[in-house]
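**Student:** Got a structure for you, written out below as structure tokens; questions coming shortly.
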Amino acid sequence: MDTDEPEARRVSLYTFRGLCAGYGAKKIIDGISGEIERGRITALIGPNGGGKSTLLRALGGLGSYSGALTFGHREVSGIPRRDFGRLVGFLPQNISVRAAFSVYEIISLGRLPFHGALEPMKPEDDRIILESAELAEVGHLLFRAATELSGGERQRVLFAMTLAQQPELFLLDEPTSALDPSHSRRIFSLLRKLAAEGRSVVAAAHDLNGAISCCDDFIALKEGKIVARGPVGLLDEKILQELYGIKFRRYRSEDGDTAWHPE
Numbered sequence: 001m002d003t004d005e006p007e008a009r010r011v012s013l014y015t016f017r018g019l020c021a022g023y024g025a026k027k028i029i030d031g032i033s034g035e036i037e038r039g040r041i042t043a044l045i046g047p048n049g050g051g052k053s054t055l056l057r058a059l060g061g062l063g064s065y066s067g068a069l070t071f072g073h074r075e076v077s078g079i080p081r082r083d084f085g086r087l088v089g090f091l092p093q094n095i096s097v098r099a100a101f102s103v104y105e106i107i108s109l110g111r112l113p114f115h116g117a118l119e120p121m122k123p124e125d126d127r128i129i130l131e132s133a134e135l136a137e138v139g140h141l142l143f144r145a146a147t148e149l150s151g152g153e154r155q156r157v158l159f160a161m162t163l164a165q166q167p168e169l170f171l172l173d174e175p176t177s178a179l180d181p182s183h184s185r186r187i188f189s190l191l192r193k194l195a196a197e198g199r200s201v202v203a204a205a206h207d208l209n210g211a212i213s214c215c216d217d218f219i220a221l222k223e224g225k226i227v228a229r230g231p232v233g234l235l236d237e238k239i240l241q242e243l244y245g246i247k248f249r250r251y252r253s254e255d256g257d258t259a260w261h262p263e
């Protein structure tokens with residue numbers, strides 16, 4: 001079910017048509033279609049196992065998938081991997097950091113699409129790394145070993161790595177799952193600034209209310225199918241009940257913010 005509203009001056013950045021993806025012989029998402037618009041934040045919502053992470057991986061050009069992926073006017077299959085890395089930044093939910101890399105070294109990995117692994121970095125790369133660290137609030141940790149960090153610190157470091165990539169599209173799988181509410185709010189505030197600059201964000205989220213308070217659009221996934229998609233203002237009780245199998249009630253704060261809670 002699409003819940004599109006009349007659009008004005010909205011530009012498609014990334015489209016997927018008939019997309020199927022999974023792990024090995026197991027198909028997780030099956031023949032779904034949609035688009036990501038430039039300068040907007042899209043929340044992927046739905047129950048566990050619904051296909052959110054699989055969709056993000058496929059949009060990132062990873063894993064086994066079939067169907068048509070188009071970035072701008074270019075077929076993703078025809079974009080060289082390094083060039084694609086300048087367009088799309090994918091941050092998985094779980095990245096294991098076992099080697100004693102410093103925080104600086106991890107963030108610097110975001111610059112790999114701009115130079116070879118064995119090429120020296122330029123002053124511009126260093127500036128972007130430092131700026132990304134400050135934006136993610138890990139500038140004070142630059143020379144710490146990543147293995148010494150807390151879960152929340154590690155998540156912010158990996159987010160800084162994706163910022164350093166400077167992609168047009170951020171694909172983020174549970175980007176605030178290990179963060180306290182204060183850091184989560186600041187991360188989403190930063191994502192809003194990126195969207196205002198014309199970049200796009202797709203973020204999978206378990207925190208339904210946190211996601212819809214910060215996002216423009218939603219894609220609701222269940223059992224590998226899109227249940228509904230559209231602007232977050234059109235999310236309603238019927239969609240949520242179909243998605244999660246339980247009834248929800250809408251609450252509004254004095255400031256006009258909306259929150260959904262199970263009945």
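Quick note: the sequence shown uses the UniProt record's numbering, first residue 1, plus one each step. Don't be surprised by glycine CBs; every beta carbon is placed ideally from N, CA and C.
Give a yes or no on contact between the region 214-230 and the region 29-47, applying the rule of three or more CB pairs nearer than 8 Å.
**Tutor:** yes
**Student:** Can you give me the start and stop residues for the beta strand (DSSP E) that L55 sits inside?
**Tutor:** Your numbering for residue 55 matches position 55 in the sequence shown. No beta strand (DSSP E) holds L55; the alpha helix (DSSP H) holding it covers 52-59.
**Student:** Secondary structure at L158, three-state DSSP: helix, strand or coil?
**Tutor:** For the purposes of this step, residue 158 is taken as residue 158 along the sequence shown, with counting starting at 1. Here L158 sits in helix by DSSP.
**Student:** Spatial neighbours of E242 within its chain, please: CB distance less than 6 Å, with the 5 preceding and 5 following residues excluded, ordered by chain position.
**Tutor:** To locate residue 242, count along the sequence shown from 1; it is residue 242. Cβ neighbours of E242 beyond the five flanking positions: V227.
**Student:** Would you call the CB atoms of V76 and G61 closer than 8 Å?
**Tutor:** Within the sequence shown, residue 76 is the residue found at index 76, counting from 1. Within the sequence shown, residue 61 is the residue found at index 61, counting from 1. Yes, the pair counts as a contact, with Cβ atoms nearer than the cut-off.
**Student:** Count the CB pairs spanning the region 197-207 and the region 31-43 that are closer than 8 Å, and state whether there are at least three.
**Tutor:** yes
**Student:** If I measure Cβ to Cβ from L109 and keep anything under 6 Å in the same chain, skipping five residues before and after, which residues do I get?
**Tutor:** Residue 109 sits at position 109 when you count from the first residue of the sequence shown. Result list for L109: M161, in chain order.
**Student:** How would you call P120, buried or exposed, if buried means at least 16 neighbouring beta carbons within 10 angstroms?
**Tutor:** Looking up residue 120 in the sequence shown gives position 120. P120 is exposed by the Cβ-count criterion.
**Student:** Would you mind working out which of I32, I212, S132, L130 sits nearest A68, comparing C-alpha positions?
**Tutor:** Here residue 68 is taken as the residue at index 68 of the sequence shown, counted from 1. The shortest C-alpha separation from A68 is found at I32.
**Student:** Could you tell me if E148 is buried or exposed, where buried requires 16 or more neighbouring beta carbons within 10 angstroms of its beta carbon?
**Tutor:** As a position in the sequence shown, residue 148 is number 148, starting the count at 1. Counting of Cβ neighbours within 10 angstroms places E148 among the exposed residues, the total staying below 16.
**Student:** Hey, out of T54, A164, I219, whose CA is closest to V138's CA?
**Tutor:** Taking the first residue of the sequence shown as 1, we reach residue 138 at position 138. Out of T54, A164, I219, A164 has the C-alpha closest to the C-alpha of V138.
**Student:** Excluding the five sequence neighbours on either side, which residues of its own chain have a C-beta within less than 7 Å of the C-beta of Y104, listed in chain order?
**Tutor:** In the sequence shown, the residue the question calls residue 104 occupies position 104. I129, L142, F143, listed in sequence order.
**Student:** Would L194 and L91 be called neighbours here (beta carbons separated by less than 8 Å)?
**Tutor:** Numbered from 1 along the sequence shown, position 194 holds the residue referred to as residue 194. Numbered from 1 along the sequence shown, position 91 holds the residue referred to as residue 91. Against a cut-off of 8 Å, the Cβ pair of L91 and L194 comes out as no contact.
**Student:** Just verifying my parser: in three-state terms, what is the DSSP assignment at E105?
**Tutor:** Reading the sequence shown from its first residue, position 105 is the one you call residue 105. For E105, the three-state secondary structure derived from DSSP is helix.
**Student:** Taking 8 Å as the cut-off, decide whether the C-beta atoms of A178 and G210 are in contact.
**Tutor:** Locating residue 178 in the sequence shown gives position 178, where the first residue counts as 1. Locating residue 210 in the sequence shown gives position 210, where the first residue counts as 1. No Cβ-Cβ contact shorter than 8 Å links A178 with G210.
**Student:** So, S64 versus G22, is the Cβ gap smaller than 8 Å?
**Tutor:** Reading the sequence shown from its first residue, position 64 is the one you call residue 64. Reading the sequence shown from its first residue, position 22 is the one you call residue 22. Against a cut-off of 8 Å, the Cβ pair of G22 and S64 comes out as a contact.
**Student:** Give me the DSSP bridge partner(s) of P262.
**Tutor:** Residue mapping note: residue 262 aligns to position 262 of the sequence shown, counting from 1. Per DSSP, F248.
**Student:** Assuming contact is defined by CB atoms lying nearer than 8 Å, are A204 and L56 in contact in what I supplied?
**Tutor:** Position 204 of the sequence shown holds residue 204. Position 56 of the sequence shown holds residue 56. Yes; because the gap between Cβ atoms is below 8 Å, this pair is in contact.
**Student:** Going by CA-CA distance only, name the one from A259, P231, P262, S253 that's closest to A43.
**Tutor:** Reading the sequence shown from its first residue, position 43 is the one you call residue 43. Ranking the options by Cα distance to A43, first place goes to P231.
**Student:** Please return the same chain residues whose Cβ sits closer than 8 Å to the Cβ of D126, not counting the five positions on each side in sequence.
**Tutor:** Reading the sequence shown from its first residue, position 126 is the one you call residue 126. Nothing meets the Cβ criterion.
**Student:** Out of curiosity, what's the CA-to-CA distance linking F188 and C214?
**Tutor:** Here residue 188 corresponds to residue number 188 of the sequence shown, with the count starting at 1. Here residue 214 corresponds to residue number 214 of the sequence shown, with the count starting at 1. Each residue's alpha carbon lies about 6 Å from the other.
**Student:** Rounding to the nearest angstrom, what Cα-Cα distance links Y251 and H261 in this structure?
**Tutor:** The sequence position of residue 251 within the sequence shown is 251, counting from 1. The sequence position of residue 261 within the sequence shown is 261, counting from 1. When rounded, the distance between both Cα atoms is 8 Å.
**Student:** Taking the alpha-carbon positions, what's the R10 to A145 distance?
**Tutor:** If you number the sequence shown from 1, residue 10 lands on position 10. If you number the sequence shown from 1, residue 145 lands on position 145. Their backbone Cα atoms lie some 43 Å apart in a straight line.
**Student:** Which of the three DSSP states is assigned to V138 in this structure?
**Tutor:** Counting from 1 along the sequence shown, the entry for residue 138 is found at position 138. In the structure shown, V138 sits in coil (DSSP, three-state: anything other than H, G, I, E or B).
**Student:** From E254 to G51, what does the alpha carbon distance come to, in whole angstroms?
**Tutor:** Position 254 of the sequence shown, counting from 1, holds the residue named residue 254. Position 51 of the sequence shown, counting from 1, holds the residue named residue 51. Going by the C-alpha atoms only, they are around 35 Å apart.
**Student:** Identify which residue in Q166, P167, I107, L208 has its Cα closest to the Cα of T176.
**Tutor:** Numbered from its first residue, the sequence shown carries residue 176 at position 176. Of the listed residues, the one whose Cα sits closest to T176 is L208.
**Student:** Does the separation of the CB atoms of T15 and E35 fall below 8 Å?
**Tutor:** Sequence index remark: in the sequence shown, residue 15 carries index 15 (1-based). Sequence index remark: in the sequence shown, residue 35 carries index 35 (1-based). Their beta carbons are under 8 Å apart, which means T15 touches E35 by this criterion.
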